[in-house]
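There are 2 protein chains.
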Amino acid sequence: MSDVILLAHGSGGLLSQELVETIFLPHLGHPDGPLEDAAEIALAPGRVVMTTDGYVVRPLTFPGGDIGTLAVCGTVNDLAMRGARPLYLTAGFILEEGFPLAELDRLVASMARAAADAGVRVVAGDTKVVERGAADGLFITTAGVGVVPEGVRISAAGARPGDVVLLSGSVGDHGLAILAQREGLGFGPAEPGPSPLQSDCAPLHGLVAAMLAAGGASIHALRDPTRGGLATALNELAHASDVTMTIDEAAVPIHDAVRAACDLLGLDPLYAANEGKLIAIAAPEAAEATLAAMRAHPLGAEAAAIGRVHAGREVGRVVVRTPLGTHRLLDALTGEQLPRIC
Amino acid sequence: MSDVILLAHGSGGLLSQELVETIFLPHLGHPDGPLEDAAEIALAPGRVVMTTDGYVVRPLTFPGGDIGTLAVCGTVNDLAMRGARPLYLTAGFILEEGFPLAELDRLVASMARAAADAGVRVVAGDTKVVERGAADGLFITTAGVGVVPEGVRISAAGARPGDVVLLSGSVGDHGLAILAQREGLGFGPAEPGPSPLQSDCAPLHGLVAAMLAAGGASIHALRDPTRGGLATALNELAHASDVTMTIDEAAVPIHDAVRAACDLLGLDPLYAANEGKLIAIAAPEAAEATLAAMRAHPLGAEAAAIGRVHAGREVGRVVVRTPLGTHRLLDALTGEQLPRIC
Chain C
0 MSDVILLAHG SGGLLSQELV ETIFLPHLGH PDGPLEDAAE IALAPGRVVM TTDGYVVRPL
60 TFPGGDIGTL AVCGTVNDLA MRGARPLYLT AGFILEEGFP LAELDRLVAS MARAAADAGV
120 RVVAGDTKVV ERGAADGLFI TTAGVGVVPE GVRISAAGAR PGDVVLLSGS VGDHGLAILA
180 QREGLGFGPA EPGPSPLQSD CAPLHGLVAA MLAAGGASIH ALRDPTRGGL ATALNELAHA
240 SDVTMTIDEA AVPIHDAVRA ACDLLGLDPL YAANEGKLIA IAAPEAAEAT LAAMRAHPLG
300 AEAAAIGRVH AGREVGRVVV RTPLGTHRLL DALTGEQLPR IC
Chain G
0 MSDVILLAHG SGGLLSQELV ETIFLPHLGH PDGPLEDAAE IALAPGRVVM TTDGYVVRPL
60 TFPGGDIGTL AVCGTVNDLA MRGARPLYLT AGFILEEGFP LAELDRLVAS MARAAADAGV
120 RVVAGDTKVV ERGAADGLFI TTAGVGVVPE GVRISAAGAR PGDVVLLSGS VGDHGLAILA
180 QREGLGFGPA EPGPSPLQSD CAPLHGLVAA MLAAGGASIH ALRDPTRGGL ATALNELAHA
240 SDVTMTIDEA AVPIHDAVRA ACDLLGLDPL YAANEGKLIA IAAPEAAEAT LAAMRAHPLG
300 AEAAAIGRVH AGREVGRVVV RTPLGTHRLL DALTGEQLPR IC
């Protein structure tokens with residue numbers, strides 16, 4: 000038996016079946032019945048939402064996570080940003096010939112742990128193999144389905160003038176952890192120990208449920224600031240809702256290690272990627288209770304109110320008040336800050 | 000404006016947005032509201048099924064189809080093989096830096112046509128870009144959701160002794176069309192004109208609906224013989240149902256051009272891939288009516304009864320009676336007949 004992926008593992012024949020039986024099913028769980036072309040799923044009452052994301056992150060494993068955790072958390076979070084309870088995922092794997100089976104096994108195990116943490120089941124999968132040089136190791140594309148509870152109406156278009164902009168924690172952790180790992184940059188501690196730059200990769204549906212319990216229908220919009228960072232996500236929300244926002248830069252939590260690395264590299268942490276943070280737009284009367292609920296949740300301990308929503312549009316969608324008291328326009332990301340961040 | 004994919008098209012910033020607005024939304028349709036992290040879908044009553052498949056076919060365009068039609072039809076067909084009405088797809092694109100935007104536009108247009116033909120909506124998408132050499136042009140992963148009508152219970156484990164094995168048409172067309180195109184083999188006609196080797200890529204849900212109208216609950220199992228071909232799909236069905244099958248090789252429709260190409264290349268058409276064919280296992284009393292319904296449908300005009308299901312297991316799962324009257328064991332595909340066939 001080979002210890003690396005062969006083209007025949009993607010043939011649909013016996014080696015494909017062996018891969019399913021030795022790696023995918025042991026980690027992701029056997030279905031109750033036979034392996035079908037499509038899996039049956041049971042949905043609770045409520046509005047159903049569906050999403051997909053591809054994952055091409057490099058390196059495959061980084062401080063705080065790997066492509067397996069990312070492929071589960073990223074799609075779970077897209078569902079959670081509609082206020083949904085994530086329920087089912089599918090996973091499509093594209094593998095390069097020669098990829099080590101032991102590494103695949105480790106990454107699928109990691110995916111299974113993330114799915115268990117997030118309370119979702121991976122109900123269908125597919126594996127394709129391409130020849131050496133036609134892909135870079137492993138790409139994963141997940142799709143997800145979730146159910147939005149009765150009464151929850153969250154939309155990127157929901158922000159209204161007067162609303163408060165809440166942020167669940169520090170920004171830039173994922174982006175800088177990947178960058179430091181990839182480039183071998185020495186941002187680690189002088190003494191041996193884990194790097195202070197750790198990805199924040201985490202499933203956010205539990206935090207969202209706690210926020211909805213506190214803020215209810217007063218939570219108007221949610222978005223997770225992934226690629227393009229906080230700046231791009233705020234611009235998307237402001238654009239979709241046809242409002243403007245003012246953000247107080249000093250209120251945005253940024254870990255010291257991230258700030259130091261950004262200073263050194265000339266990067267703006269407001270554009271760096273996050274994989275376990277969310278922006279919430281809440282009505283002013285519910286902002287305090289929502290913020291308290293966020294801070295009471297392990298994934299929102301550093302949550303902060305960072306700005307306000309306003310009507311009209313004068314110079315731009317999002318304006319930042321800097322710690323020096325000056326103002327600058329915060330546009331969506333132009334160009335590419337860091338390829339293959341997720 | 001660039002005419003090829005740049006890394007920044009995968010940044011999540013302004014160029015990503017431009018790609019969505021100039022290519023994806025014009026073809027695949029604007030949502031009713033803003034672009035959300037997850038799309039709301041409306042499901043008819045019934046059991047819900049979900050599936051995914053990745054597409055890495057090479058070349059991207061081939062006689063009878065392209066990766067866009069394939070990425071829609073393949074996932075639609077996996078849903079149809081449960082007897083479901085396919086309703087919603089998601090599409091994740093992994094693009095190589097430098098990929099021509101005009102080609103992407105053409106392939107997404109083709110995807111949109113296939114989705115319209117199949118009556119499904121592509122409700123969510125994602126684009127990632129990797130650097131030159133880290134992927135081979137374009138990979139697409141689709142996921143799909145469909146609803147199984149009341150009373151329909153189709154499963155790979157449904158075949159019972161005495162059942163009839165039906166096949167919706169000729170085998171090997173997709174596999175040989177790809178092979179001929181890829182290798183530049185001269186199987187074309189002496190006179191100019193389309194190659195006689197054309198992929199059979201097509202959505203099968205309409206054929207399945209016509210069969211269910213005729214055969215109802217007497218249709219026990221369905222499978223589309225894609226990678227690994229007819230032989231592998233029959234073995235999967237026999238294994239999942241714990242039965243054996245005898246197949247009459249002379250009854251299996253094979254187009255002359257496919258047979259000639261297989262003879263020349265030493266390939267067995269029973270292992271060649273199909274993208275618009277299905278195997279149905281039906282109770283004997285309903286087999287004739289089901290076959291008649293298949294033949295009345297444009298995608299089943301060449302349908303045939305090709306074998307029977309039996310109890311027990313002696314030497315193997317699937318036995319073929321050859322045109323010479325001898326018998327041979329038909330195993331699932333071992334090794335790799337042709338990489339990147341879908």
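Chains C and G, in that order, are what the protein sequence lines are.
Numbering follows numbering that gives the first Met the number 0, with no gaps: position 143 of the first sequence is 142.
Numbering follows numbering that gives the first Met the number 0, with no gaps: position 342 of the second sequence is 341.
The beta carbon of each residue, even a glycine, is placed where N, CA and C say it ideally should be.
Evaluate residue i with the Cβ neighbour count: other Cβ atoms within 10 Å of its Cβ, from every protein chain shown; 16 or more gives buried, anything less gives exposed.
i, result
"residue 322 of chain C", "exposed"
"residue 152 of chain G", "exposed"
"residue 275 of chain G", "buried"
"residue 300 of chain C", "exposed"
"residue 195 of chain G", "buried"
"residue 29 of chain G", "exposed"
"residue 238 of chain C", "buried"
"residue 21 of chain C", "exposed"
"residue 297 of chain C", "exposed"
"residue 325 of chain G", "exposed"
"residue 293 of chain G", "buried"
"residue 6 of chain C", "buried"
"residue 343 of chain C", "Beyond the ends of chain C as shown, which are 0 and 341, falls residue 343 of chain C; an answer cannot be given."
"residue 226 of chain G", "buried"
"residue 206 of chain G", "buried"
Going along chain C, which residues have a C-beta under 8 Å from residue i?
i, result
"residue 225 of chain G", "11"
"residue 119 of chain G", "Within chain C, no residue comes near residue 119 of chain G; the closest Cβ sits about 12 Å away, beyond 8 Å."
"residue 231 of chain G", "11 and 12"
"residue 68 of chain G", "Those within 8 Å of residue 68 of chain G in chain C number zero; the least Cβ separation is about 17 Å."
"residue 243 of chain G", "Chain C residues near residue 243 of chain G: none, gap ~16 Å exceeds 8 Å."
What residues from chain C crowd round residue i, counting only those whose CB sits closer than 7 Å?
i, result
"residue 125 of chain G", "51, 52 and 53"
"residue 23 of chain G", "Within chain C, no residue comes near residue 23 of chain G; the closest Cβ sits about 12 Å away, beyond 7 Å."
"residue 144 of chain G", "49 and 144"
"residue 61 of chain G", "The contacting residues do not exist; residue 61 of chain G stays about 17 Å from chain C at best."
Taking residue i as the query, report the chain G residues whose CB atoms sit under 7 Å from its CB, ordered along the chain.
i, result
"residue 33 of chain C", "154, 155, 156 and 239"
"residue 7 of chain C", "334 and 335"
"residue 42 of chain C", "47"
Residues bridged to residue i by DSSP?
i, result
"residue 87 of chain C", "C:120 and C:144"
"residue 4 of chain G", "None, per the DSSP bridge assignment."
"residue 279 of chain C", "C:165 and C:221"
"residue 125 of chain C", "C:91"
"residue 139 of chain C", "C:54 and C:92"
"residue 317 of chain G", "G:244"
"residue 204 of chain C", "Answer is none; residue 204 of chain C lacks a bridge partner."
"residue 306 of chain C", "C:164 and C:246"
"residue 328 of chain G", "G:318"
"residue 134 of chain G", "C:134"
Could you list which residues in chain C have their beta carbon closer than 9 Å to that of residue i, in chain order?
i, result
"residue 128 of chain G", "55, 335, 338 and 339"
"residue 36 of chain G", "48, 50, 76, 77, 78, 79, 80, 81, 155, 221, 222 and 223"
List the residues of chain G that residue i touches, going by C-beta distances under 8 Å, in chain order.
i, result
"residue 246 of chain C", "Per Cβ cutoff of 8 Å: no residues; residue 246 of chain C is ~17 Å from chain G at best."
"residue 122 of chain C", "49"
"residue 331 of chain C", "12, 13 and 16"
Along chain G, in chain order, which residues have C-beta atoms closer than 9 Å to that of residue i?
i, result
"residue 39 of chain C", "46, 47, 48, 49, 81 and 147"
"residue 2 of chain C", "Per Cβ cutoff of 9 Å: no residues; residue 2 of chain C is ~18 Å from chain G at best."
"residue 135 of chain C", "129, 130, 132, 133 and 134"
Just to confirm, does residue i get its C-beta within under 7 Å of one of the non-hydrogen atoms of the ligand NAD?
i, result
"residue 146 of chain C", "You won't find the ligand NAD in this model; it holds no ligand whatsoever."
Any C-beta of chain A sitting closer than 8 Å to the C-beta of residue i?
i, result
"residue 140 of chain G", "Included in the structure are the protein chains C and G, with no chain A among them."
Q.
At a CB distance below 8 Å, what residues from the region 78-91 of chain C approach chain G? Give them in sequence order.
A. 78, 80, 81, 83, 87, 89, 90 and 91
Q. Fully enclosed by the region 26-107 of chain C, which alpha helix (DSSP H) runs are 4 residues long or longer?
A. 66-79
Q: Only counting runs of 3 or more residues, tell me where the beta strand (DSSP E) segments fall wholly within the region 228-285 of chain G, in order along the chain.
A: 243-247 and 278-281
**Q.** Residues of the region 94-109 of chain G with Cβ closer than 7 Å to any Cβ of chain C, in chain order
**A.** none
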